[in-house]
Structures are given as structure tokens and as C-alpha cells.
Amino acid sequence: MITFVSARTGRVSIALAAAVFLAAAAAAPLFTAAVPAHEYKLTDPVWVYLGRAKRFMAEQENGKAMQLLHEVIAAETNNADAHFLLGVLNAGENLPDQAIRHFNAVIKYSSRLTVPAQEVEARFMILRITGEKNSKIEDKDISDIIALAKRRKDPYLEGRLYFMLAEYYEKFSNEVQAEIYYDQAYAKEYERKLCQYRCSLIARAKKDAAQEKRFLIRATEYSFDHPSRENDRIEMLIQKRLDELKSVSISRRSLPKAK
């Protein structure tokens, strides 16, 4: 999944420019309504379109990414990879109905996914979008999606799911649950540095300087899973905050245990 990390908060978000999105939406009918899917022909292999779309997403040229993905779906309605990326983009633009439609398509065509684990992520995103509408995800639904991830015996997928659950709970100011799930993601070795940084932000919000410093020190022991300019800035924020907390004394024995 393509994600963009805010240098200030470390939170994952997808920034879509309204003007660019509207331009892409206006262009979409050229590839959906105007041309029947079975008649539309791509000029390059599908993987080329998907690669370009991902590059545009990484560069936050999301309107261009949407246009390419709509072309793919016009030619291959059952292309689960394109549906997944469109689901991500629409979720970031706060277009829940469109996002759910694409994530449901991912589930329907899951056998065609290049990354099979994205089916679990699509199911979670549907739960999350619905939960944000209702300000709650049912505990049973959370248990079911975690069980599904565990059955795949993929620690990375399980860790990613815990990380997304932590973000969900943090959004609704449930810091206790957020910290629990960040810790579980950390235990699965998913984004360990970012997990510790996020926990430090929770501790800072609670005005617990000692605990904040503990998490920041632990964060310095790891590297980011995916180096980027944004993560370089977060690294600088970690060092800056540790300098500010120099006068806060903690016992090394009280540091969180390495997992």
C-alpha cells in the first residue's frame, strides 16, 4: 500500500489536491462510460500502467495516478491491483462510497492480486471506513480480521494490520488501545522505529516526559522500514525532542524491552 508520512506527526495520510482530483474525475468517463471495457485497449502492458500509477502516487500526482488506473479497469474490469490502489486514493480523498466499491472489487477478484495479503487490508479498510462513519468498529469484526491475518501466517501482514488498528484508535483518541496495537505491530517487527515514535507522541500528549523519552530512545535503536525524505525529517524530530528532554532522567532498566 502507498502511504505518505507526515513529518510533523508521523501519521500516515494521503494528500489529494482537489483540483487535480476533479480533473481526473472528469477524465474518467473516457475510460469507463464512453468506451466499453471489452473494447478499450491499453497501449502498454498492465504492469507498466500500475508502475506509473504508483510512481505518481509516490510523487503525490494522484490525479494522474487515478487516470491511469481508470484506464486499466476500463480494459480489465477484474484487475484487483488497480481496484486496490483506487480504493486507497478514494479513501484518502474522503470518498467512502467509492473507496468501499473498489475494496469490495478487490475482495471479489482477490485471486488476481499480485500481493494476496492486500485482500486482508481491503477488508480492514472497509471496516475502518464504516467504523469511522459510526465512530466504532465492532470488537467481533476486529477479532475476525485479526484471525484472518493470523491464518495467513504472515508476520508482516499481521504487524501491518495491528499498525492500522493503532492508527484507527489513535484517531478516535483511544490512546490506550492505540498503544497496545502499536506495541503488537512492534512485536511483529513492523515499522519498529515508527511504532516507538508514535508511542512517544501518545506519551507526550499525556505529559509523561519520562515515558516519552523512553520511547524515543528505543526509536533510535531502529531504522525505518522504508527510507524517505519524510522519515529523514522524523529522524530529525526525534533527535531534536531528545535534546529537549536532556534534563529528564530515566533509568535504563525502565526502558521498554526489545522484542
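Numbering (our numbering), first residue to last: 790 to 1048.
The beta carbon of each residue, even a glycine, is placed where N, CA and C say it ideally should be.
Three-state secondary structure assigned by DSSP to residue i
i	result
Asn-893	helix
Ser-1036	coil
Pro-885	helix
Glu-978	coil
Pro-834	coil
Tyr-898	coil
Asn-851	helix
Tyr-1011	coil
Asp-997	coil
Glu-744	The displayed coordinates of the chain run from 790 to 1048. Any statement about residue 744 would go beyond what the structure contains.
Ser-1049	This structure leaves residue 1049 out entirely; the chain is present only between 790 and 1048.
Asn-1020	helix
Val-965	helix
Leu-1031	helix
Delimiting residues of the alpha helix (DSSP H) encompassing residue i
i	result
Ala-871	869-881
Gln-907	907-923
Ser-932	928-940
Lys-960	944-960
Environment of residue i [buried if 16+ CB atoms lie within 10 Å]
i	result
Ala-871	buried
Asn-851	buried
Met-953	buried
Asn-883	exposed
Tyr-958	buried
Ser-989	buried
Arg-987	buried
Ala-999	exposed
Ala-822	Confidence in Ala-822 is poor, its pLDDT being 37 and thus under 50, which makes the residue's placement unreliable; the coordinate value appears in the next sentence. That one is exposed.
Gly-881	buried
(request) Please confirm if the segment 863-881 is in contact with the segment 909-918, defined as three or more CB-CB distances below 8 Å between the two stretches. (result) Flag = yes, the segment 863-881 and the segment 909-918 touch.
- Task: Kindly confirm or deny that the segment 856-868 and the segment 892-902 touch, where touching means at least three C-beta pairs closer than 8 Å.
- Result: Yes, the segment 856-868 is in contact with the segment 892-902.
- prompt: Do three or more CB pairs link the segment 890-898 to the segment 924-941 at distances below 8 Å?
  reply: The segment 890-898 is not in contact with the segment 924-941.
Original post:
Hey, is the segment 956-971 in contact with the segment 934-944, meaning 3+ C-beta pairs nearer than 8 Å?
Top reply: Because the criterion of three Cβ pairs below 8 Å is not met, the segment 956-971 and the segment 934-944 do not touch.
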